[in-house]
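If you're matching positions, the sequence shown starts at 615 in my numbering and goes up one per residue. To start, the structure under review is shown below, and the notes come after it.
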Amino acid sequence: MANTKYIFVTGGVISSLGKGIVAASLGKLLQARGYKVTIQKFDPYINVDPGTLNPYEHGECYVTADGYETDLDLGHYERFLNMQTSRTNSVTTGRIYQSVIDRERKGGYEGRTVQVIPHITDEINRNIKFLSEQNYDFIISEIGGTVGDIESLPFLESVRQLKRELGRNCICVHLTYVPYIAAAAEYKTKPTQHSVKQLQELGIQPDILVLRSVETLGTDLIHKVALFCNVEESAVIQSVDVDTIYEVPCRLQQQNMDVIVLNKLDVKVSAEAIDMKNWNDFLQRRKAAVKKAKIGLVGKYTKHKDAYKSICEALMQAAVYNDRKLDLQLILSEDITEANVEETLAGMDGILVAPGFGERGFEGKLIAVRYARENNKPCFGVCLGMQCMVIEFARNVLGLAGANSAEMDKSSPHKVIDLMDDQKNIIYLGGSMRLGSYDCVLKKGTVAYLAYGQELIQERHRHRYEFNSEYRQQFEDAGMLCAGENPGTGLVEVVEIPSLKWFVGTQYHPEYNSTVLKPNPLFLSFIKAAIDKQ
Ligand code: GLN
C-alpha cells in the first residue's frame, strides 16, 4: 500500500478505559488483513520517559529491544501485533519539550520566541509522522490522558492540524464510557456527548466512536449517540467488558470496525478473508483449559495489577500453551517471614520472584527463594529475583555471612551482586541503566538451553547490578551453574541449580519478549515444570 494512513485514538470521560487495547486490537485486525501496521503512544506527562516512575503511578515500565523505557501500552502493542516497538513508538511531553529546549539552546530557532503553538505542536507532528519513513500502511497513534486534561491540549491540537492536512488519510477514533446508573436502571450517554463536544470545541470531529460499557447497549442509545455526536450510526462501535483483553479484536471485528476504518480512509476492502485463525485458536485453547497452574508471584507491588503486567501476561500465555488456566497469586514479599513461608508457598505449583529496586520486601524474597530451593519447588527469578537466588545461595549454601547486593548493603563483606563498572559514575537516573536487548550464549544441556532450543538468544535488560564474577567458581563448585553469559563481556545472564527440578534465574527480563502468538520459551518451560507432578 505505502501511502501511509493515520489513525488517532483519543479517550474521554474517564481514564483506564483501555485505549491501548482498542488501539492494539484495531492494529491486529488491520495486520490480519495483510497490512504493515505500527502503533505509537503519546503520553502527556512531563517525565522524559516512564523509567523514573514508581510502578504504582502508571504500572510497569516496558523496555523496548533498542533499550528505551516506555509506557506499558507498548507491551500490549507487541503482544497483540507480535512485533517489536522502539523508542520512536513512545513519546512523552517531557521528551517533546526536551528536544525543543535543546534546539533552542543551540540557537536552532534563530531568535524567534519559542511557543507551544507552533513549536511544541510542530515537534509533536514531527514525531507522529516520523514512523512513516519506515513504509507503514497504517500508523495508529494513541493519545494518552483524557480529553479535557490541560496537558493533553498540545497533542489534540496536533491531531486537529494533521486531520486538516492529511484529509482522507487520517481519522480519529474516540473511546468513551457509558455508565450504568443503578437508581435509574439506565445507561447514560450524556458523558459521551459532553466529551465529544469537548473534542469538537478543539476542532476535532471524531470519525468513529467506541463506547465502553458493562453490557451491550440498545440500538436506541446507539442512535442517540450517533445523532448527538455527529457520527454515522454504523461507526458507533461497542466495547463491552470481556473475559480477556485478547477477545477485544474479535468483538471489534464482529462489528466490522476494520471495514469501517478502511472505508473511511479510502482503502479498497479486499475480498480476501481476514486471517485471525492463530489468534482464535489461542482464545479457544484458553477457554478450553480447565486444570489450573497455580503460580505465586512474589513481589512488592501487589496492590496494583499493572505493576507486573508483562510477567502476568507471559505467565498466562505460557499456561494456555500448556493447556492450563493460570491461577496467579500475588504475594507481597514484605509479608513473608520464616514462620509463614511454608503456609504461604506450599500450595503453589511454582514461584516467580519478581524484579525490583530497593530494600523494601527484599528479605522476604530471599526467604521465598530459600523455601523454593530447599523444597525443590519450581522457581523462576527475574532480574532482582535472579539476584536474590544468588544472594540466598551465597548466604545459606556457600556460608558467606552478610553476602548481599551492593544495592542493598554497600558495606557487605561479600558483594556477590555488585554495581556494573560502567554504572559507577552515573549521576542521572533516567535512561542510564543497562537497557535493551543483548546477546546471551546458553550452555548446552542446561534448562535454559533446552527451553530455547538454541545457544544464542537475545533478551532485554533493565538493571545496574550484576553477578560478581569473582565468586563464579565458588558458586559452580557448590552447584549453582552460570548457564548463560554475554559473549562480549562475560556478564552472567542466567543461573541454574541443575540438581533441582526447575530453579532458574535470569538477569534479563524474558517477559518483554512474550506475545500471544509467540510465547517466551522460558516461561513455557517454567509452567511445564510447575504442572509436572512427577
Ligand atoms: N535493582 C536491580 C538492579 O538494578 C534489579 C533490577 C530489576 O529487577 N529490574 O540491578
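Backbone N, C-alpha and C define an ideal beta-carbon position, used for all residues, glycine too.
With H, G and I counted as helix, E and B as strand and the rest as coil, what does DSSP make of residue i?
i	result
VAL856	coil
LEU1114	coil
HIS1123	strand
TYR791	strand
SER713	helix
VAL1011	coil
GLU800	strand
VAL662	coil
THR830	coil
GLY689	helix
CYS786	strand
ALA907	strand
GLY995	strand
GLU973	coil
GLU771	helix
ILE1145	helix
VAL839	helix
LEU745	helix
VAL730	helix
ILE888	coil
LEU813	helix
LEU1181	Summary: the structure shown does not reach residue 1181, with the chain confined to residues 615 through 1148, and so no result is reported for it.
VAL1108	strand
VAL761	coil
ASN739	helix
PRO805	helix
GLY1044	coil
ILE818	coil
TYR718	According to the sequence as given, residue 718 is Glu; it is not Tyr. The answer is helix: DSSP assigns GLU718 an H, G or I state.
What are the boundary residues of the beta strand (DSSP E) that residue i is part of?
i	result
GLY964	964-967
GLN943	939-946
CYS1096	1095-1099
THR624	619-625
VAL705	704-706
SER884	From DSSP, SER884 is part of no beta strand (DSSP E); its letter is neither H nor E.
Leaving out five residues before and five after residue i in sequence, what residues of the same chain have Cβ atoms less than 7 angstroms from its Cβ?
i	result
ALA953	none
LYS1115	ASN990, PRO992 and ALA1143
LEU688	LYS655, TYR676, THR678, THR699, ASN703 and SER704
ARG1074	VAL677, ALA679, GLY1050, SER1051, TYR1122, HIS1123, TYR1126 and ASN1127
LEU1105	GLU1080 and GLU1099
PRO1027	GLY1016
MET1047	ARG1076, HIS1077 and ARG1078
PRO768	VAL730, ILE734, THR735 and ILE738
LEU866	SER639, LEU640, LEU643 and ILE851
PRO658	THR707, GLY758, GLY759, ASP763, GLU765, SER766 and PHE769
Name the DSSP bridge partner or partners of residue i?
i	result
SER1051	ARG1074
VAL1018	Reading off the sequence shown, one finds Asn at residue 1018, where the question assumed Val. BP columns for ASN1018 point to LYS1029.
SER755	PHE622 and GLN654
PHE1081	ILE1031
GLY913	LEU946
LEU695	Its beta-bridge partners do not exist; DSSP assigns none.
THR684	TYR676
LEU1056	GLY1098
Which residue marks the beginning of the alpha helix (DSSP H) containing residue i, and which one marks its end?
i	result
ALA646	633-646
THR958	955-959
TYR985	976-988
TYR1063	1061-1066
ASP1091	1086-1092
VAL557	Since the first residue of the chain shown is 615 and the last is 1148, residue 557 is not available in this structure.
VAL604	Since the displayed the chain opens at 615 and closes at 1148, residue 604 lies outside it and no answer follows.
LYS901	891-902
GLU847	That residue, GLU847, is in no alpha helix (DSSP H); it is neither H nor E in DSSP.
VAL934	923-935
Can you find the residues in the same chain that come closer than 6 angstroms, C-beta to C-beta, to residue i, ignoring five residues on each side of it along the sequence?
i	result
VAL883	VAL873 and LEU876
ASP763	none
VAL881	none
GLU948	GLY975 and GLY978
PRO1133	GLN931, ALA932 and TYR935
ASN1007	A small correction: the amino acid at residue 1007 is Phe; Asn does not occupy that position in the sequence shown. The answer, listed in chain order, is MET1094.
LEU694	Checking the sequence, you will find Phe at residue 694 rather than Leu. Excluding sequence neighbours, PHE694 sits near ALA638 and LYS642.
In its own chain, which residues sit with a C-beta less than 8 angstroms from the C-beta of residue i, not counting the 5 before and 5 after it?
i	result
ASP1053	LEU1070, ILE1071, GLN1072, ASN1100, PRO1101 and GLY1102
CYS971	A quick correction: the sequence has Phe, not Cys, at residue 971. Here the set comprises LEU998 and GLU1021.
ARG899	VAL934, TYR935 and ASP937
ARG1086	CYS1096 and VAL1106
ASP941	LYS906, ALA907, LYS908 and ILE909
Answer with yes or no whether the minimum CB distance from residue i to chain B is below 8 angstroms.
i	result
GLU1021	No chain B is part of this structure, which consists of one protein chain only.
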